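Those protein sequences? They're chains W and S, same order as listed.
Per the UniProt record's numbering, the very first residue in the first sequence carries number 1; after that it's consecutive.
Per the UniProt record's numbering, the very first residue in the second sequence carries number 1; after that it's consecutive.
The structure under discussion appears below in the form of structure tokens.
Protein chains: 2
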Amino acid sequence: MQSLSRATLRTLVRSKTARATYPSRTTSGKVLSSRISPLNLSVTPTSRTFSTQSARCYAAAKEVKFTADNYPNVQRDPRFSKLTREDVDHFKSILSSQSSIIDAQDDASELEGFNTDWVRKYRGQSQLVLKPKSAEEVSKILKYCNDRNLAVVPQGGNTGLVGGSVPVFDEIVISLSAMNSIRSFDEVSGVLVCDAGVILESADSYLRERNHIFPLDLGAKGSCHVGGNVATNAGGLRLLRYGSLHGTVLGVEAVLPDGTILHDLQTLRKNNTGFDLKQIFIGSEGTVGIITGISILCPRRSNAVNTAYFGLNSFDHVKRAFTKAKTDLGEILSAFELMDGLTQDLFHQTTGKPYPLSDRYPFHVLIETSGSNGEHDSAKLEAFLEEVMGEEIVADGTVAQDETQALTLWRWREGLPEACAHWGGTYKYDVSIPLNDFYTLIEDCRKLFDEAGLVGGTEDDSKPVIGVVGWGHMGDSNLHLNVPVRWYDKKVERLLEPWVYEWIEKRKGSISAEHGLGFAKRDFVQYSRDETALEIMRRVKNTFDPKGIMNPYKYIPTN
Amino acid sequence: MQSLSRATLRTLVRSKTARATYPSRTTSGKVLSSRISPLNLSVTPTSRTFSTQSARCYAAAKEVKFTADNYPNVQRDPRFSKLTREDVDHFKSILSSQSSIIDAQDDASELEGFNTDWVRKYRGQSQLVLKPKSAEEVSKILKYCNDRNLAVVPQGGNTGLVGGSVPVFDEIVISLSAMNSIRSFDEVSGVLVCDAGVILESADSYLRERNHIFPLDLGAKGSCHVGGNVATNAGGLRLLRYGSLHGTVLGVEAVLPDGTILHDLQTLRKNNTGFDLKQIFIGSEGTVGIITGISILCPRRSNAVNTAYFGLNSFDHVKRAFTKAKTDLGEILSAFELMDGLTQDLFHQTTGKPYPLSDRYPFHVLIETSGSNGEHDSAKLEAFLEEVMGEEIVADGTVAQDETQALTLWRWREGLPEACAHWGGTYKYDVSIPLNDFYTLIEDCRKLFDEAGLVGGTEDDSKPVIGVVGWGHMGDSNLHLNVPVRWYDKKVERLLEPWVYEWIEKRKGSISAEHGLGFAKRDFVQYSRDETALEIMRRVKNTFDPKGIMNPYKYIPTN
Numbered sequence: 001m002q003s004l005s006r007a008t009l010r011t012l013v014r015s016k017t018a019r020a021t022y023p024s025r026t027t028s029g030k031v032l033s034s035r036i037s038p039l040n041l042s043v044t045p046t047s048r049t050f051s052t053q054s055a056r057c058y059a060a061a062k063e064v065k066f067t068a069d070n071y072p073n074v075q076r077d078p079r080f081s082k083l084t085r086e087d088v089d090h091f092k093s094i095l096s097s098q099s100s101i102i103d104a105q106d107d108a109s110e111l112e113g114f115n116t117d118w119v120r121k122y123r124g125q126s127q128l129v130l131k132p133k134s135a136e137e138v139s140k141i142l143k144y145c146n147d148r149n150l151a152v153v154p155q156g157g158n159t160g161l162v163g164g165s166v167p168v169f170d171e172i173v174i175s176l177s178a179m180n181s182i183r184s185f186d187e188v189s190g191v192l193v194c195d196a197g198v199i200l201e202s203a204d205s206y207l208r209e210r211n212h213i214f215p216l217d218l219g220a221k222g223s224c225h226v227g228g229n230v231a232t233n234a235g236g237l238r239l240l241r242y243g244s245l246h247g248t249v250l251g252v253e254a255v256l257p258d259g260t261i262l263h264d265l266q267t268l269r270k271n272n273t274g275f276d277l278k279q280i281f282i283g284s285e286g287t288v289g290i291i292t293g294i295s296i297l298c299p300r301r302s303n304a305v306n307t308a309y310f311g312l313n314s315f316d317h318v319k320r321a322f323t324k325a326k327t328d329l330g331e332i333l334s335a336f337e338l339m340d341g342l343t344q345d346l347f348h349q350t351t352g353k354p355y356p357l358s359d360r361y362p363f364h365v366l367i368e369t370s371g372s373n374g375e376h377d378s379a380k381l382e383a384f385l386e387e388v389m390g391e392e393i394v395a396d397g398t399v400a401q402d403e404t405q406a407l408t409l410w411r412w413r414e415g416l417p418e419a420c421a422h423w424g425g426t427y428k429y430d431v432s433i434p435l436n437d438f439y440t441l442i443e444d445c446r447k448l449f450d451e452a453g454l455v456g457g458t459e460d461d462s463k464p465v466i467g468v469v470g471w472g473h474m475g476d477s478n479l480h481l482n483v484p485v486r487w488y489d490k491k492v493e494r495l496l497e498p499w500v501y502e503w504i505e506k507r508k509g510s511i512s513a514e515h516g517l518g519f520a521k522r523d524f525v526q527y528s529r530d531e532t533a534l535e536i537m538r539r540v541k542n543t544f545d546p547k548g549i550m551n552p553y554k555y556i557p558t559n
Numbered sequence: 001m002q003s004l005s006r007a008t009l010r011t012l013v014r015s016k017t018a019r020a021t022y023p024s025r026t027t028s029g030k031v032l033s034s035r036i037s038p039l040n041l042s043v044t045p046t047s048r049t050f051s052t053q054s055a056r057c058y059a060a061a062k063e064v065k066f067t068a069d070n071y072p073n074v075q076r077d078p079r080f081s082k083l084t085r086e087d088v089d090h091f092k093s094i095l096s097s098q099s100s101i102i103d104a105q106d107d108a109s110e111l112e113g114f115n116t117d118w119v120r121k122y123r124g125q126s127q128l129v130l131k132p133k134s135a136e137e138v139s140k141i142l143k144y145c146n147d148r149n150l151a152v153v154p155q156g157g158n159t160g161l162v163g164g165s166v167p168v169f170d171e172i173v174i175s176l177s178a179m180n181s182i183r184s185f186d187e188v189s190g191v192l193v194c195d196a197g198v199i200l201e202s203a204d205s206y207l208r209e210r211n212h213i214f215p216l217d218l219g220a221k222g223s224c225h226v227g228g229n230v231a232t233n234a235g236g237l238r239l240l241r242y243g244s245l246h247g248t249v250l251g252v253e254a255v256l257p258d259g260t261i262l263h264d265l266q267t268l269r270k271n272n273t274g275f276d277l278k279q280i281f282i283g284s285e286g287t288v289g290i291i292t293g294i295s296i297l298c299p300r301r302s303n304a305v306n307t308a309y310f311g312l313n314s315f316d317h318v319k320r321a322f323t324k325a326k327t328d329l330g331e332i333l334s335a336f337e338l339m340d341g342l343t344q345d346l347f348h349q350t351t352g353k354p355y356p357l358s359d360r361y362p363f364h365v366l367i368e369t370s371g372s373n374g375e376h377d378s379a380k381l382e383a384f385l386e387e388v389m390g391e392e393i394v395a396d397g398t399v400a401q402d403e404t405q406a407l408t409l410w411r412w413r414e415g416l417p418e419a420c421a422h423w424g425g426t427y428k429y430d431v432s433i434p435l436n437d438f439y440t441l442i443e444d445c446r447k448l449f450d451e452a453g454l455v456g457g458t459e460d461d462s463k464p465v466i467g468v469v470g471w472g473h474m475g476d477s478n479l480h481l482n483v484p485v486r487w488y489d490k491k492v493e494r495l496l497e498p499w500v501y502e503w504i505e506k507r508k509g510s511i512s513a514e515h516g517l518g519f520a521k522r523d524f525v526q527y528s529r530d531e532t533a534l535e536i537m538r539r540v541k542n543t544f545d546p547k548g549i550m551n552p553y554k555y556i557p558t559n
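Now the structure itself:
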């Protein structure tokens, strides 16, 4: 949620000089639409717009295949025991509430949501979901599982994009959803202590009422858990300004596989007393223990927030705009998000919403500033706008005039994962690339798919691929390559992998900037980390989880 | 070094309304001096000022006792081999330059600087210093030491304050001073890659020429190494604005005890590909390996920097000023440093420099702002000043009018460790305390010493203690309790320990905010971390250094 200041900009900026023609960038080579009405004017989608309703039905009808069937090369680890009725009875005896147990024997359908991931690509076959209500309950569960060699998968909001939060085979799901209380908040220091299962948006709303913000924001905020955010070292929209969770998380409460509870909910900004153990849990994706609580340093909510949306004619223009933004907006720049033209077309087509600008451009950028003084921020933004418009770096743009408009503009960025998933699924790659090569990945990938003849655009049901699109947190060199498809198709996957990873490796990028490894990228991690690093990682894993029961088949290869 | 903008404030602020009388706060109950001339006017120290020269001679004459003699309860670990001539010959054979070896057999006096710590409290008896020139040389050294069970102590600039960087017994010193090259800097991303032995100030100067800054700054910058900063997770003066090294360091190159080189010099801001191994090295104080290179995200240098110095009449006034600063200065606040009245007196007496304000106050605060727009920053600072002066929150203040004045003001903060060490030594405690209790520690500690009759002030040579003083990074809840003494005296130590630690434990503070544990605090870590955490730390240590050769007798108790 973007809040706007009392002294917000009243400018609706339109370039007088730099109006440019939008080149054909859709995969089918057609211009989908042009001269869409500006923000907040109601329009009827053109006849060429993809039918939203039929696509939704198509996607829903498609059953997700079991991961075990889809990836036959991955075998169930025979070291793990199979769940028995005695095990279930034992869990019933140690948990304080019977509602904490979802047992396939009672209602198999209720487990589906826990077995299937958000991108509908991975589906496990767990027979049991446990929803402990305290770290002590988590401890009892894990100790038992460890003794019995029962594999587990910790699950937060299940919004991960790499299949890390659902079982691969029959792992027991330990959901943190019943641990969702704020424990404390100190308005002087800004330190929030809360359960791992608190939903990110709830935490942010709670903080908003207290004039603070959660230092992390991401599209899935309405569902994802803060514990899951920490376990996956989520990056998101505020990293540019507030840094990574490695810097903002002050402490964790976590349970190790042997049931040991690490009570390390520090609330101090500085504490150099031995190894900073929480760091091992941040980004460990549930492989060394279960985070049950976090403490985190939350910044004050800015008095003034401005949101602007631009159209640009080339990636070179985007880079120049980024440099100008860093110089002119300095410490108040809180987001610099890139969306290519096709992403905006897909969002338009799947939602029917009118484009924010009257023309369409190959690149769009969403800029946000957050500062303590509305007048100063507006002056900085105006100076920036004068420069980028005067020098024809941006072709057109609009500045939100109130919070509703800001939220509307943000939807053109935050709604993209959903827009891409619309037709049935999305191949998602979340990579870091040095800025000079940043967008080349999308262009090269488009060529690859065009040559393979797999792209059907939005109107050709016979081909799997809708298109190749890119967006990302340009301020963090973090690009999201997305290939929306009608169905997950091995031909598509074989074209993408290891091609994407090899491409990234050549540029010394990262094959996973913020989404993590999960199941999807476990076998590709060597494109970003060498064998020495992986071997040290294995030692760390083994130190914490010698029996390997924590979230197996994922993260890093075991040998 | 503080750079001032072209559009800097031209204000020299003096309170018209809030002039207050400075109460007697010296330990002897005497007012040392009053009505000292303002900044930049030359004054002759009063007759009561302590003679700088005689104190220096006193301190220099005092030989530092061997740690082994001073702490007879700490025994040399018999598992470690003793250095032989064959070992020295072997090191000569594997190092590329003979100047990389300082051998006690050749010149024992040359080893003194490596054996004695900065606070002149700890002194080891190493017979060999090695100065490798590359990670490969470090690898060869460590592999040999590990095979031979030779204990080592990694050493950076040897500016640590807890005895962590000097040997306790005969550990071999591995100095990083010969690895001092900048490897690369990318102006677009702001990522610096350099050797561990680069001096912090050199790195910052290099970056300054490229319009960036190192995200860390501290008093010892002229000597400390960036590798040592990372190994000790140094906090310093810029943490308030740029966050901790856990957030800004992007990668490390490090050598494990078995000689394995971890090449993990990531230059990406986001990289979620497995455990973030660098985090284990940050703050590990040389106990798991030797950091030989770092990559770090460096912010752009601010166009505008303002420095202001205030006098305040009570700690309650300080707290109110801090709240106002956070609100009014928001994102441009880059330092809020507290110094009590006695610290300023000691600095004045040891340097002869005139006080910055015409009157003296029980509390002083140094505020720095750093922003991208000089006009905006000045306006923010002026609004802040109007409020704190108008509401009589601060009694008097001055704003630096140019870089020279800013540096002069900073000396009253940065020169304090040296001023305290002036008479012979300092008992130093670097703690985190929730803000409400922040200064009470100093007051309680003063009472303790007054009652024990150990305080002689600056004129009484018969008693060990000069006084009890406090300063710190209030913005980070980080206080430095200092007890300057004429000589290290067991009576003083017994009064302070475990008293200080128990005091901190009761307030849920940290017994080491930023200085680390080293030798000084190893046996007190349990006041801030529980046995579960310590046991997990031991597992981590053992994973990396199973033979325990890395910086032994320090950091955390081995059992």
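We put the CB at the ideal spot given by N, CA and C, even for glycine.
The model shown is predicted, which means the values in this text are computed figures rather than measured ones.
Distance check for residue j and residue i, CA to CA, integer angstroms please.
i, j, result
"S/Pro546", "S/Arg241", "38 Å"
"W/Trp410", "W/Lys324", "21 Å"
"W/Leu256", "S/Tyr71", "37 Å"
"W/Met179", "W/Asp195", "6 Å"
"S/Val74", "S/Ala68", "7 Å"
Which residues bound the beta strand (DSSP E) around residue i?
i, result
"S/Trp471", "Val469 to His473"
"W/Asp69", "Premise fails: W/Asp69 lies in the alpha helix (DSSP H), Thr67 to Asn70, not in any beta strand (DSSP E)."
"S/Arg183", "Ile182 to Asp186"
"W/Thr398", "Asp396 to Val399"
From which residue to which residue does the alpha helix (DSSP H) around residue i run?
i, result
"W/Thr248", "Leu245 to Thr248"
"S/Lys447", "Thr440 to Ala452"
"W/Glu387", "Gly374 to Gly390"
"W/Asn482", "Looking at the DSSP string, W/Asn482 is not in any alpha helix (DSSP H); the run it does join, the beta strand (DSSP E), is Asn478 to Val485."
"S/Gly227", "Val226 to Ala231"
What distance in whole Å lies between the Cβ atoms of residue j and residue i, which are believed to be in contact at a cut-off of 8 Å?
i, j, result
"S/Phe544", "S/Val162", "Contact doesn't hold; Cβ gap of about 21 Å is too wide."
"S/Lys62", "S/Gly424", "6 Å"
"S/Leu83", "S/Asp170", "6 Å"
Could you tell me whether the Cβ atoms of residue i and residue j are closer together than 9 Å?
i, j, result
"W/Leu357", "W/Asp316", "no"
"W/Ser528", "S/Leu329", "no"
"S/Leu385", "S/Val365", "no"
"W/Tyr429", "W/Leu517", "no"
"W/Ile367", "W/Ala335", "yes"
"W/Tyr488", "W/Lys121", "yes"
"W/Cys298", "W/Leu192", "yes"
"S/Gly156", "S/Gly197", "yes"
"S/Pro354", "S/Ala419", "no"
"W/Gly235", "W/Asn482", "no"
If I measure Cβ to Cβ from residue i and keep anything under 7 Å in the same chain, skipping five residues before and after, which residues do I get?
i, result
"S/Arg522", "Lys554, Tyr555, Ile556 and Pro557"
Only counting the same chain, and skipping five residues up and downstream in sequence, which positions put a Cβ closer than 8 Å to that of residue i?
i, result
"S/Leu207", "Phe185, Leu192, Ile213, Phe214, Cys298 and Arg301"
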